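Q:
Residue numbers (this note's numbering): 3 to 155.
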């Protein structure tokens, strides 16, 4: 654990100072999540396997205990589904934002022009809608150097 804190954490902080690295890292995580999401959908949407297991497990009379167990499984799977969907949407928002930032890195008028179809977060709207130049300076001048200094100190 000590090696992780001394080596990996500063390295991650340093890598987050590079926008292109962050975008490629998020794209990799998105592709990985998408593949696992598809595998789970295929697994649970296979009706033949579901029918075979349901026919083996169900008896003629459904008891209250079986209904309670089924209800618990339904709640658990619904919670997992909503959690995965929320993390997927957050990661998509982050990828679009970083892509916008990367596209505006060499902008001559020093402002970030939004090209993604997704709305900004509440905090970014309050801070940067009135002052788009401030967002450019924070993201391209202050943030990278602050993260690099934090990583090596």
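Cβ coordinates follow ideal geometry from the N, Cα and C atoms, glycine included.
Keep in mind the model is a prediction, meaning the values are calculated, not measured.
Which value, in whole angstroms, describes the spacing of the CA atoms of residue 91 and residue 152?
A: As a first step, residue 91 must be located in the chain shown, where it is residue number 89. As a first step, residue 152 must be located in the chain shown, where it is residue number 150. When rounded, the distance between both Cα atoms is 29 Å.
Q: Taking all protein chains shown into account, decide if residue 109 is buried (16 or more other Cβ within 10 angstroms of its Cβ) or exposed.
A: Locating residue 109 in the chain shown gives position 107, where the first residue counts as 1. Exposed, by the Cβ-count rule.
Q: Compute the Euclidean distance between the alpha carbons of residue 69 and residue 39, then round it to the nearest angstrom.
A: Counting from one through the chain shown, the residue named residue 69 turns up at place 67. Counting from one through the chain shown, the residue named residue 39 turns up at place 37. Straight-line Cα distance between these residues: approximately 28 Å.
Q: Could you say which of 26, 15 and 17 lies nearest to residue 99 if we only look at CA atoms?
A: Reading the chain shown from its first residue, position 97 is the one you call residue 99. When each option's Cα is compared against that of residue 99, the closest is 26.
Q: Counting Cβ pairs closer than 8 Å, one from the region 109-119 and one from the region 130-148, do we hit at least three?
A: Short answer: they touch.
Q: When DSSP labels each residue in this structure, what does residue 26 get in the three-state scheme?
A: Your numbering for residue 26 matches position 24 in the chain shown. Annotated three-state conformation of residue 26 is helix, per DSSP.
Q: When the Cα of residue 148 is compared with those of 12, 77 and 7, which residue comes out closest?
A: In the chain shown, counting from the first residue as 1, residue 148 sits at position 146. For residue 148, the nearest C-alpha among the options comes from 12.
Q: What separation, rounded to the nearest whole angstrom, lies between the Cα atoms of residue 146 and residue 44?
A: Position 144 of the chain shown holds residue 146. Position 42 of the chain shown holds residue 44. Approximately 42 Å, taken between the alpha carbons.
Q: What do you reckon, are the CB atoms on residue 118 and residue 102 nearer than 7 Å?
A: Position 116 of the chain shown holds residue 118. Position 100 of the chain shown holds residue 102. Against a cut-off of 7 Å, the Cβ pair of residue 102 and residue 118 comes out as a contact.
Q: So the alpha helix (DSSP H) residue 11 belongs to, where does it begin and stop?
A: As a first step, residue 11 must be located in the chain shown, where it is residue number 9. Note, residue 11: alpha helix (DSSP H), 11-17.
Q: Out of 29, 78 and 107, which one is the CA nearest neighbour of residue 95?
A: Against the chain shown, residue 95 aligns to sequence position 93. For residue 95, the nearest C-alpha among the options comes from 29.
Q: Is it right to say residue 47 is buried, meaning 16 or more other beta carbons lie within 10 angstroms of its own, or is it exposed?
A: Numbered from 1 along the chain shown, position 45 holds the residue referred to as residue 47. With fewer than 16 other Cβ atoms within 10 Å, it is exposed.
Q: Mind checking which residues open and close the alpha helix (DSSP H) that includes residue 125?
A: Counting from one through the chain shown, the residue named residue 125 turns up at place 123. Residues 124-130.
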